[in-house]
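Okay, so the sequence shown: first residue is 4 according to the working numbering, each after it adds one. Beta carbons are placed, not taken as given, at the ideal position from N, Cα and C, and that holds for glycine. Since this is a predicted model, take the numbers as computed values, not measurements.
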Amino acid sequence: MARLDGLATVLDFLNGLQPKIAAQIAKKVLALNVDPLPADSQQLSGYQGYYRVDSGEYRIVYRFFPEEDLVEVILVGKRNDDDVYKKLKRLLG
């Protein structure tokens with residue numbers, strides 16, 4: 004099982020969401036520690052080691068460090084616009 008890092012980012016995002024949606028996203032994030040590269044994950048082009056998975060209308064962006072068995076959640080956001088990728092670009096510079 005991989006360790007999870009970045010849960011504070013997830014919790015901040017989940018505040019204010021409907022409980023059912025928040026639970027779905029939390030379940031998807033927690034599943035990453037069992038399977039860091041699930042079948043529905045995709046590597047982000049232009050970002051080495053960064054992946055994304057979808058949970059309904061939301062996208063979870065994370066990094067996986069196989070040598071450390073670590074999953075670091077970077078951000079969560081709506082997937083129907085490019086806002087997630089704009090935020091990622093700002094975070095990474």
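- For S48, the closest C-alpha among the options R66, N36, D38 is that of R66.
- Around the Cβ of V37, a 10 Å sphere holds fewer than 16 other Cβ atoms; the residue is exposed.
- Comparing alpha-carbon positions, the option among I77, R82, K81 lying closest to R93 turns out to be I77.
- Counting only runs of at least 3 residues, the region 17–79 fully encloses the following beta strand (DSSP E) elements, listed from N- to C-terminal order: 53–58, 61–68.
- The beta carbon of A25 sits closer than 7 Å to those of L17, all from its chain and outside the five residues before and after it, given in chain order.
- Inter-residue distance for G9 and E60 is about 20 Å (C-alpha atoms, whole angstroms).
- The C-beta distance from A5 to P39 rounds to 5 Å, short enough to fall under 8 Å.
- D86: member of the alpha helix (DSSP H) spanning 86–95, first to last residue.
- Close CB contacts of L73 within its chain, under the 7 Å cut and outside five residues either way in sequence, are with A5, R6, D8 (chain order).
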